[in-house]
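This report refers to the structure that appears directly beneath it.
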Amino acid sequence: MEEIVIVGSGPAGLTAAIYTARAALKPLLISGMQPGGQLTTTSIVENYPGFSEGVDGNKLMQEMRLQAEKMGCRFQNGEVRKAERLPDKTGIRLSIGENSIDTKALIVATGASALTLDLPQKDKLMGYGLSTCATCDGFFYRGKPVAVVGGGDSAMEEASYLAKLASEVTLIHRRDAFRASKTMQDRVLKNEKVKVIWNTEVVDTTANEQGLTGLILKNKPTGESSEIKVDGLFMAIGHHPNTEFVRDLVTTDDKGYILPTQGTQTNVPGVFAAGDVEDQDFRQAITAAGRGCQAALEAERYLENLH
Ligand code: NAP
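The numbering of the sequence shown is the numbering used here, which starts it at 162 and goes up by one.
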């Protein structure tokens with residue numbers, strides 16, 4: 162039986178690993194399909210404190226992993242299929258492929274995946290014009306024209322944020338009304354730097370060796386095609402929390418985000434959640450790291466009380 166297992170290797174999981182390893186809990190961290198998490202898909206991270214020149218997202222995650230390893234965390238690769246309570250309720254059983262691991266405490270830090278448009282050149286252009294995070298990448302588009310796709314609060318937030326940096330922002334929405342809250346809509350609609358294109362889908366991209374140069378749009382009611390020139394497209398069409406493996410174990414909301422009952426503690430004793438699995442609002446590396454720290458300290462207290 163393990164004392165503590167952490168699932169997920171983004172900032173939340175690795176921070177939890179550093180803290181629990183320092184507390185001599187000998188954590189085991191299970192790293193899934195995208196070791197290092199979403200930060201490994203961005204280039205320079207300029208808003209993580211402590212790096213005045215910014216830090217490469219991959220490098221930041223490698224350093225966090227090295228730090229956790231040095232403290233004594235063990236790592237294992239694999240995708241956890243299911244997490245369930247042991248019949249005697251002394252812990253949690255994780256199924257990984259044909260194997261299983263039992264643990265007294267579990268920290269779920271598997272993050273969320275941003276939903277993206279199914280564009281033909283998507284894989285090639287991610288990080289080179291296509292982005293899902295204005296706070297992360299907006300700075301690179303200072304003085305340049307950009308577009309945002311989506312009609313929810315995230316799209317409004319991205320458009321408002323980008324309007325402070327970009328030369329102009331084109332907000333493209335597939336319907337004739339936004340889903341976002343009225344306050345956030347109003348802020349965008351009043352912003353002179355934001356132009357809205359309604360009833361329109363982004364169907365393709367144009368690009369050169371440097372990256373994105375424009376978008377091919379399709380007006381839904383008329384079927385008419387048009388092209389706009391932009392250097393960046395920010396996709397804000399929602400996120401999907403990576404919580405399928407714990408959906409039968411802990412309480413989640415209707416979208417699958419884990420609902421902690423107090424701090425990072427879930428409704429199941431000994432199971433904690435940290436980062437984008439339980440936060441659909443801030444979604445920053447630093448907030449995820451903070452929650453990872455909190456989960457580690459709460460798990461440590463939980464284990465102390467067991468003994
Ligand atoms: P969301 O509310 O689910 O909105 C997603 C938007 O993307 C919708 O307008 C949707 O269009 C559009 N969309 C979805 N799939 C699309 C596709 N394939 N092509 C084109 N458009 C597509 O997601 P969200 O904006 O990320 O917000 C998620 C939650 O976080 C919400 O509860 C939100 O209130 C909250 N949030 C709050 C704040 C804040 O208060 N500061 C900030 C961000 C997020 P349709 O409208 O046509 O469905």
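Ideal Cβ positions, reconstructed from N, Cα and C, are used throughout, including at glycine. All values reported here derive from a predicted model rather than from experimental measurement.
- Taking non-hydrogen atoms of ligand 1 into account, the C-beta of A397 is found less than 7 Å away from one of them.
- Of the other Cβ atoms in all chains shown, fewer than 16 fall within 10 Å of the Cβ of A185; this residue is therefore exposed.
- For D442, the closest C-alpha among the options H401, A460, Y289 and F406 is that of H401.
- Between the C-alpha atoms of G453 and R340 there is a straight-line separation of about 31 Å.
- V241: member of the beta strand (DSSP E) spanning V241 to R246, first to last residue.
- Counting every other CB atom within 10 Å of its CB across the protein chains shown gives N238 a total below 16, marking it as exposed.
- Note on the stretch 321 to 385: whole beta strand (DSSP E) runs with a minimum of 3 residues are 329 to 333, 355 to 358, 361 to 369 and 372 to 380, in chain order.
- Below 8 Å, enough C-beta pairs join the stretch 358 to 366 and the stretch 377 to 397 to call them touching: three or more.
- Leaving aside the five residues that flank L189 on each side, the residues in its chain whose CB is nearer than 8 Å to its CB run, in chain order, E163, I165, V166, I167, C234, R235, F236, Q237, I262 and T264.
- In this model, N428 and E461 are separated by some 17 Å (Cα to Cα).
- The stretch 209 to 244 is shown to contain whole beta strand (DSSP E) runs of 3 or more residues at 235 to 238, in chain order.
- For D217 and S192, the gap between their C-alpha atoms comes out near 20 Å.
- Taken through DSSP and simplified to helix, strand or coil, L464 comes out as helix.
- With a 10 Å radius around the Cβ and a threshold of 16 neighbouring Cβ atoms, S342 comes out exposed.
- From the listed residues R335, K305, E319 and L276, the smallest Cα separation to T296 is found for E319.
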